[in-house]
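Note sheet for the following structure.
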Amino acid sequence: MSAAEDVVAEGHQAVEAVPKRAMTLGTGTSLLVLAVLLLVPVFVKNFIIFQMTMLLIYGVAVLALNILTGGSGQFSLGQSAFYAVGAYVSAVLMEHFNVNYALTIPVSAVVCFGFGFLFGKPALRLSGVYLALATFALATAMPQLLKLNFLEHWTGGVQGLVVTKPDAPFGLPMSQDMWLYYFTLAVTLAIYIFSVNLLRSRSGRAFMAIRDNEIAASAMGVDVALYKTLAFGVSAAITGIAGSLGAIAVQFVAPDSYTITLAISLFLGMVVGGVGWLPGSIVGAAFIIFVPNIAESISKGMSGVVFGVLLFLVIYLVPQGARQAASKLR
Amino acid sequence: MLSGSNSPLLFIRDVSVVFGGIVALNGVSFDMHKGQILGLIGPNGAGKTTLFNCLSRLYQPSSGDILMEGASILTRPPHRIAEIGIGRTFQNVALFPNLSVMDNVRVGTHARTSSDIISDSLRLAWIRRSETDVNKKVHEILAYLDLEEVAHTVVSGLPFGTQKRVELARALAADPKILLLDEPAGGLNHEEVYVLGDLIRRIRDERHMTVLLVEHHMGLVMSIADHVVALNFGKKLAEGTPAQVQADPDVIKAYLGSKDQ
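Residue numbers (this note's numbering), protein chains in the order written: chain A, 1 to 330; chain B, 1001 to 1261.
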């Protein structure tokens, strides 16, 4: 019992580490980052552009987890399930119903919001490591659910679905990769702005009040159950959008792309980026995309070990993640 | 100021709370009238905090009823207590430690405002207007309680006395009709207690609130309360003016020990 409580307490501390004031970047830094994100694709090869697209997509997924954990204080190791649902909604709509790729994204968001909200209901009874376990179960179940026989006609079963990559519209003279990058960037920026607005609003304060003290939040009139499930819904909706974008960028969905490994990567990304610090999401995403490659380039046979050592170094040197590194630079 | 003949603001009748086999409250009844400062006293385990938690709906009485302005509060979930005008502070300070003073007080306005996640995300015009009103109100309260200097400080780093004031500010932000104060003097030094007593009286007079004060500090209760209810072992032992309760032989035996504690 006490061991479990220790873990819960430690986890809680990680959540509490970031005060709300340090949630965003200053205006100057934000504009600089935006300029880099806008200009770099003009100068690099398509493969790099594709990687940058994936960086944004994972950044969105990490940000979604950040709203849930950093905002409302709830853990999730099940984000891969919401990502999968988003990806499949887009793939099925595009390939079976010829829906425009851009229109599938709001549909994903709505479907995943509902899924996350409903999942959040039973999860209300759980907190800390127990909630992490419940979401872990969800992540484990999802690939198998996607392989179900009676869904095979729509999902393609184990084989998955191939997704058509969209061309740039209005005859714009840019490659598919570049167009998709800018499309993803626009969606990412919108989500970032909406998320910052949300966390700074009455609803966001309710999330953080619950994270810090549920009984006091309730005494102030905050409907704890409602806001906890809303946080799950919002997080799932944003993760679903990331899943949709991912399906379009990768041009393929299959059950085994969305295993627990993805969920753990996103969790890792959140911790490396700094729990509760939204700009850190992109740093965390960069870590989970590029560090495994770097590890492999250092030692092919021992890449897992090298990754582990690099991760350990990050946790040891900057336990609060990129946020801490950024504040040291200032 | 006291309106004794009118119907009470808060009406507590035969409230009993049983935990397992232990009777924490046993048929406690008293009324609170508008504008009163009612002191609830008693030694540890007398049932003061249990009664408090019934009022904020954290505990469900096993029998009896609590009426606020004539309507029972016992069917309300805990988060729907603030909206009917019952605000509270906590014994050991229950602030939101990672939020700034201002955000803590802003959460206090939750029951008096409305929003939804879509409008909040898009920062629609009506949300911006509502936030402007909230900020105005919060600044007024911070100024009232002399907290403006620390408005943007994260509360966990503030001294205990200041945190207690922040908690009071958060409670005031919900415009309560009844303010429940759970041992507000706990952990304060002699001078701070004196200032606090003055402040509670000012809040009652200037902000037209009714105050239920649970307190160990007899000096504070006896100096500011209009009416005192004494509990022991979950039962009401005495009720009356501070002088009456202080003179009650049972009370002296049970609680006060010596007169000038």
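Heads up, the beta-carbon is just placed ideally off N, CA and C, and yes, glycines get one too.
| query | Sorted by chain position, which residues of the same chain lie with C-beta nearer than 8 Å to A:R21's C-beta, five sequence neighbours on each side aside? | reply | Residue placement at A:R21 is flagged as unreliable, the pLDDT there being 45, under the threshold of 50; a coordinate-derived value is accordingly withheld.
| Shorter than 8 Å from the beta carbon of B:T1162 to some beta carbon of chain A? | Chain A contact via Cβ: absent.
| How about B:V1214: is its C-beta nearer than 8 Å to some C-beta of chain A? | No Cβ of chain A is located within less than 8 Å of the beta carbon of B:V1214.
| query | Would the beta-carbon of A:A295 fall within 8 Å of that of A:L310? | reply | Yes. Within cutoff.
| request: Could you tell me whether any Cβ in chain A is nearer than 8 Å to the Cβ of B:L1010? | output: The Cβ of B:L1010 sits no closer than 8 Å to any Cβ of chain A.
| said: Helix, strand or coil, according to DSSP, for B:H1227 in the structure here? | reply: Note: B:H1227 maps to strand in three-state DSSP.
| task | Could you list which residues in chain A have their beta carbon closer than 9 Å to that of B:V1229, in chain order? | result | Chain A residues near B:V1229: none, gap ~22 Å exceeds 9 Å.
| query | Does the beta-carbon distance from A:K147 to A:P255 come in below 8 Å? | reply | Yes.
| query | Mind checking B:L1220: buried by the 16 CB within 10 Å criterion, or exposed? | reply | With a 10 Å radius around the Cβ and a threshold of 16 neighbouring Cβ atoms, B:L1220 comes out buried.
| query | How many angstroms separate the CA atom of B:T1049 from the CA atom of A:I105? | reply | Their backbone Cα atoms lie some 51 Å apart in a straight line.
| said: The alpha helix (DSSP H) that contains B:I1084, what's its start and end? | reply: Per DSSP, B:I1084 belongs to no alpha helix (DSSP H) and is neither H nor E.
| With a cut-off of 8 Å, does the C-beta of B:G1004 fall near any C-beta of chain A? | Its pLDDT being 45, under 50, B:G1004 is placed unreliably by the model, and the measurement read from it follows with that caveat. With its beta carbon at least 8 Å from every one in chain A, B:G1004 lies outside the interface.
| query | So the beta strand (DSSP E) B:N1026 belongs to, where does it begin and stop? | reply | Segment I1022 to M1032, the beta strand (DSSP E) holding B:N1026.
| Among residues of its own chain, excluding the 5 on either side of B:I1055, which ones have a beta-carbon nearer than 7 Å to its beta-carbon? | Here the sequence assigns Leu to residue 1055 of chain B, which means Ile is not the residue at that position. Same-chain partners within the cutoff: I1066, I1086 and L1180.
| Helix, strand or coil at B:G1240 [DSSP, three-state] | Judged by DSSP in its simplified three-state form, B:G1240 adopts strand.
| said: Would B:T1075 pass as an interface residue toward chain A - the criterion being a Cβ-Cβ separation below 8 Å? | reply: For B:T1075, the closest Cβ of chain A is not nearer than 8 Å.
| Terminal residues of the alpha helix (DSSP H) in which A:M94 lies | DSSP places A:M94 inside the alpha helix (DSSP H), whose first and last residues are Q79 to F97.
| field | Distance, B:S1156 Cα to B:L1038 Cα | value | If you take the alpha carbons of B:L1038 and B:S1156, they lie about 31 Å apart.
| said: List, in chain order, every chain B residue whose beta-carbon is nearer than 9 Å to that of A:I105. | reply: Within chain B, no C-beta atom comes less than 9 Å from the C-beta of A:I105; the nearest is roughly 16 Å away.
| message | Taking DSSP's pairing of strands, which residues face A:F207 in a bridge? | response | Residue pairing by DSSP leaves A:F207 without any beta bridge partner.
| query | Are the region 1187 to 1194 of chain B and the region 1158 to 1177 of chain B touching, with three or more C-beta to C-beta distances below 8 Å? | reply | Enough Cβ pairs lie closer than 8 Å, so yes.
| query | The beta strand (DSSP E) spanning B:F1011 covers which residue range? | reply | Counting along the chain, the beta strand (DSSP E) containing B:F1011 begins and ends at L1010 to F1019.
| query | Quick one: what's got a C-beta closer than 7 Å to A:C112's C-beta in the same chain, skipping five residues either side? | reply | Same-chain partners within the cutoff: F82, V85, G86, A236, A237, T239 and G240.
| field | Element boundaries [beta strand (DSSP E), containing A:M54] | value | That residue, A:M54, is in no beta strand (DSSP E); its alpha helix (DSSP H) goes N46 to N66.
| How would you call A:Q320, buried or exposed, if buried means at least 16 neighbouring beta carbons within 10 angstroms? | Buried, by the Cβ-count rule.
| field | Beta-carbon spacing of B:N1098, B:V1138 below 8 Å | value | In this structure, B:V1138 does not lie closer than 8 Å to B:N1098 by Cβ.
| Which residues in chain B sit within 7 Å of A:V275, going by Cβ to Cβ distance? | Within chain B, no residue has its CB atom less than 7 Å from the CB of A:V275, the nearest being about 11 Å off.
| field | Cβ distance (whole Å) where B:G1070 is taken to contact B:S1007 below 8 Å | value | The pair is a contact, with the Cβ atoms about 7 Å apart (cut-off 8 Å).
| Along chain B, in chain order, which residues have C-beta atoms closer than 8 Å to that of A:V66? | The question names Val, yet the displayed sequence has Asn at residue 66 of chain A. What A:N66 touches in chain B: nothing, since even the nearest Cβ is about 14 Å away.
| query | Beta carbon of A:L151, beta carbon of A:A91: below 8 Å? | reply | With respect to the 8 Å criterion, A:L151 and A:A91 are not classified as neighbours on the basis of their beta carbons.
| Contact between the region 214 to 229 of chain A and the region 257 to 265 of chain A: three or more CB pairs below 8 Å? | Contact between the region 214 to 229 of chain A and the region 257 to 265 of chain A is absent: fewer than three C-beta pairs spanning the two stretches fall below 8 Å.
| field | contact_flag[the region 50 to 60 of chain A, the region 180 to 189 of chain A] where n(CB pairs < 8 Å) is 3 or more | value | Output reads yes: the region 180 to 189 of chain A touches the region 50 to 60 of chain A.
| said: Please confirm whether A:R21 has its beta-carbon closer than 8 Å to some beta-carbon of chain B. | reply: Because the pLDDT at A:R21 is just 45, under 50, the model does not fix this residue reliably, and the point stays unresolved.
| Using 8 Å as the threshold, is the region 62 to 82 of chain A in touch with the region 261 to 272 of chain A, meaning 3 or more CB pairs across them? | Touching, yes.
| said: Buried or exposed, going by whether 16 or more other CB atoms sit within 10 Å of the CB of A:A231? | reply: A:A231 is buried by the Cβ-count criterion.
| field | Own chain residues within Cβ distance below 7 Å of B:A1238, not counting five before or after | value | Correct list, in chain order: A1230, V1245, D1248, D1250 and V1251.
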